[in-house]
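These protein sequences, in sequence, are chains R and L.
Sequential numbering from 1 applies to the first sequence in our numbering.
Sequential numbering from 1001 applies to the second sequence in our numbering.
Every residue, glycine too, gets a C-beta built ideally from N, C-alpha and C.
Model, not experiment: these values are computed from the prediction.
See structure below.
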Amino acid sequence: MSLDRTDVEKIAHLARIALSEDDIPATTAKLSGILELIDKMQAVDTSAVAPLAHPLETTQRLRADEVTESNQREAYQAIAPATEAGLYLVPKVIE
Amino acid sequence: MHEKTLAELSQALQNKTLSSVELTQHYLKRIEQLDGSLNSYITVTAESALEQAAAADARIAAGNAGPLTGIPLAHKDLFCTQGQRTSCGSKMLDNFISPYESTVTQRFLDAGAVSLGKTNLDEFAMGSSTESSFYGPTRNPWDTDRVPGGSSGGSAAAVAGRLCVAATGTDTGGSIRQPAGFTALTGLKPTYGRVSRWGMVAYASSLDQGGPMARTAEDCALMLQVMAGFDAKDSTSVEQPVPDYSASLSDSLKGLRIGLPKEYFAAGLDAATSDAISAAVKQFQALGAEVREISLPNAELAIPAYYVIAPAEASSNLSRFDGVRFGYRCDHPADLTDLYKRSRAEGFGAEVKRRIMVGTYALSAGYYDAYYLKAQKIRRLIKNDFMAAYEQVDVILCPTSPTPAFKIGEKIDDPVSLYLTDIYTITANLAGVPGIALPAGFANGLPLGMQLLGPYFSEARLLNIAHQYQQVTDWHQRAPAGY
């Protein structure tokens, strides 16, 4: 599978990664090369095979619905790029 | 001191012929003198290491020490260590001081081990050469023009360069075993779920597994004893009793059935590596093992399936790096979308961005069945191959990589050629089975690696087999010149 510029721009947008104009040709070529490698999967018929998500096929453990974590807001916000009054600051979203 | 193994140093500490403070000072001095040539450490934590060493000496004096008490280790810089930078080799986390401690490193703290610092890695563990780190490439102590392998290349170079006694690594597609093979170390990837992933920064959660890297199988047994065990904080941790990994090291290999997968000895395998494994086969036969050919018929589908599953999971895991709560944030964002896009574009390196984009594409509307679901189905075929093989044999013997360590810069511009270097290691991650890599010889001064893969939870047996091999060979005792 070979990608074109529009595909790559769309993927980059979905991934929320800014791509400069200069980066697009090389990115397109490298992603196409990787997809070509991946497409070797299509050589085998897997219509009768069930997907495997966890090697040991265990299911998620459940626990009682009890509070087990204490509030760590100050510790977590100490490493944030910008906070104010216990809130994370981002550019204005609504005018 | 640094020529001794973990097991020998542990004895010396217990006998009080050596103190942990002396040992720690010795390694810190070596790091200062020699790591300029390797770049194996991202962060050296000299001050806390000496505090831990003093505490370990007090614990030994009080008579309540364990085998790891006072032993200077290093941790791959994707294990969160509280109050210290945990960078994952990324600009994104260059300023990240972890507010919590990973389960693995906490277990080492509880065991009284000393941490000398955090080792270099491919950015977010995505790579096979430790060249994609924001902190520059790590060099192989056996030939500093060559890569140490990756992604746990910093840990590999630090142990092989005698800049720590042993180290932690993680293995998502071979990231413990391939660097162990490139640097003449013994490295174990445990069964998926054996070692807690809590506090290990996630790359591909259904494949990631932490494990030990050391000079011998005996040392790996001591390391794994501390690392392994159930952890309620890891939702995929497995509740299975942990055996005494050292107790069975001396067991006989008589009657052991070893399988050689014919697909792994086909075109593309370096002749010297192939010869080294043939020689190892003879050694195992002399130790009483029976060797036969087996088949893993879907092995060639492993790399394509891996490069869907790992990037898909990575694209989801790495969506948390958004410039809002922690990590890198771009300057002067125009709006929220610009904040996300530029923080990620500037914070991540090229390979990480590529894998996020491949994963994003594979998971995007209309492509899920063709990519992610298809890859999960192939994952079952690969698991079935292993289960069928283990009906006939106890363990599988094969190379860790198609060639010895390659030159720095040789493959970095061609992602697909770099991906193909993991052809022999990726299957074990997809199937979730354990594997141990160990040195099998040298060619032109470069180490040649082999690995033994076993059924689920066969770590004790793998360590036993590797240990028995190391009783009759001396590849693991060789040290790189100048280190």
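> For D1275 (chain L), which of L:L1446, L:G1089, L:A1440, L:H1026 has the nearest alpha-carbon?
Replying inline: L:A1440
> Hey, T1045 (chain L) and Q1084 (chain L): beta-carbon distance below 9 Å or not?
Replying inline: yes
> Are the beta-carbon atoms belonging to A1350 (chain L) and S1175 (chain L) less than 9 Å from one another?
Replying inline: no
> Can you check whether the CB of T1105 (chain L) is closer than 9 Å to the CB of H1075 (chain L)?
Replying inline: yes
> If you follow the alpha helix (DSSP H) that Q1225 (chain L) is part of, which residue opens it and which one closes it?
Replying inline: 1217-1227
> Residues of chain L with CB under 7 Å from V49 (chain R), in chain order?
Replying inline: K1377, R1380, L1381
> chain L beta carbons: is any one of them nearer than 9 Å to that of R63 (chain R)?
Replying inline: yes
> At a CB-CB cut-off below 8 Å, which residues of chain L make contact with R5 (chain R)?
Replying inline: In chain order: nothing, as chain L lies at least about 13 Å away.
> What are the partner residues of P1399 (chain L), as DSSP defines its beta bridges?
Replying inline: L:M1450
>> DSSP three-state label for H1484 (chain L), please.
In response: Residue numbering for chain L in the displayed model covers 1001 to 1483; residue 1484 (chain L) lies beyond these limits and cannot be assessed.
> Looking at C-alpha atoms only, which residue of L:A1272, L:L1287, L:A1232 is the closest neighbour of D1251 (chain L)?
Replying inline: L:L1287
>> I want to verify the contact list: residues of chain R whose CB lies under 7 Å from the CB of K1193 (chain L), in sequence order.
In response: Rather than Lys, the amino acid found at residue 1193 (chain L) in this sequence is Gly. What G1193 (chain L) touches in chain R: L56.
>> For a minimum of 3 consecutive residues, which ranges assigned as the beta strand (DSSP E) are wholly contained in the region 1247-1271 of chain L?
In response: 1257-1261
> The alpha helix (DSSP H) spanning I94 (chain R) covers which residue range?
Replying inline: Taken as a continuous stretch (DSSP letters only), I94 (chain R) belongs to no alpha helix (DSSP H), as it is neither H nor E.
> What does D1143 (chain L) pair with, by DSSP beta-bridge criteria?
Replying inline: L:N1140
> For the candidate residues L:P1099, L:V1147, L:P1434, L:I1412, whose alpha-carbon lies nearest to that of Y1390 (chain L)?
Replying inline: L:P1434
> Excluding sequence positions up to five away, which residues of its chain have a Cβ less than 8 Å from the Cβ of Q1470 (chain L)?
Replying inline: T1186, T1216, A1217, E1218, L1438, H1476
> Would S1115 (chain L) pass as a contact of L1109 (chain L) if the rule is Cβ separation under 9 Å?
Replying inline: yes
> Considering only residues of the same chain and omitting the five flanking positions on each side of I1294 (chain L), which have a CB-CB separation below 8 Å?
Replying inline: G1259, L1260, P1261, K1262, A1389, Q1392, V1393, I1396
> Of the choices L:A1065, L:D1234, L:D1338, whose alpha-carbon is the least far from that of Q1014 (chain L)?
Replying inline: L:A1065
>> Taking a contact to mean a Cβ-Cβ separation below 9 Å, would you say S993 (chain L) touches Y1135 (chain L) in this structure?
In response: Shown here, chain L extends from 1001 to 1483; a query on residue 993 (chain L) therefore has no answer.
> How would you list, in chain order, the residues of chain R whose beta-carbon sits under 7 Å from the beta-carbon of S1020 (chain L)?
Replying inline: Under the 7 Å cutoff, chain R gives no residues; its nearest Cβ is about 30 Å from S1020 (chain L).
> What residues from chain L crowd round V44 (chain R), counting only those whose CB sits closer than 8 Å?
Replying inline: N1298, L1301, I1378, L1381
> Could you check where the alpha helix (DSSP H) with M1357 (chain L) kicks off and where it finishes?
Replying inline: 1350-1363
>> Am I right that A1299 (chain L) and T1427 (chain L) are in contact with their C-beta atoms under 8 Å? What's the rounded C-beta distance?
In response: 6 Å
>> Let me check understanding here. Comparing Cα to Cα, which of L:Q1052, L:Y1371, L:Q1285, L:S1152 lies closest to T46 (chain R)?
In response: L:Y1371
> Taking C-alpha atoms, which residue in L:V1238, L:K1341, L:G1449 lies nearest to I1277 (chain L)?
Replying inline: L:G1449
>> Excluding the 5 residues flanking A1405 (chain L) on each side, which residues of the same chain have their C-beta closer than 8 Å to its C-beta?
In response: N1140, W1142, D1143, R1146, V1147, P1148, G1149, F1182, T1183, L1446, P1447
>> Quick check: what's the CA-CA separation for E1008 (chain L) versus K1016 (chain L)?
In response: 12 Å
> For a contact meaning CB atoms closer than 7 Å, what does I24 (chain R) contact in chain L?
Replying inline: Result: empty, since nearest Cβ-Cβ is about 12 Å, beyond 7 Å.
> When DSSP labels each residue in this structure, what does H1467 (chain L) get in the three-state scheme?
Replying inline: helix
> Which residues does DSSP pair with V1165 (chain L) in a beta bridge?
Replying inline: According to DSSP, V1165 (chain L) bridges with nothing at all.
> Looking at A1053 (chain L) and V1021 (chain L), is the spacing between their C-beta atoms short of 9 Å?
Replying inline: yes
> With distances taken between CB atoms, is the gap from C1164 (chain L) to P1072 (chain L) smaller than 9 Å?
Replying inline: yes
>> Closest to G1327 (chain L) by C-alpha separation, out of L:A1334, L:L1339, L:S1246, L:G1070, would be which residue?
In response: L:L1339
> Which residues of chain L have a Cβ atom closer than 7 Å to the Cβ of V90 (chain R), listed in chain order?
Replying inline: V1324, L1336, L1339
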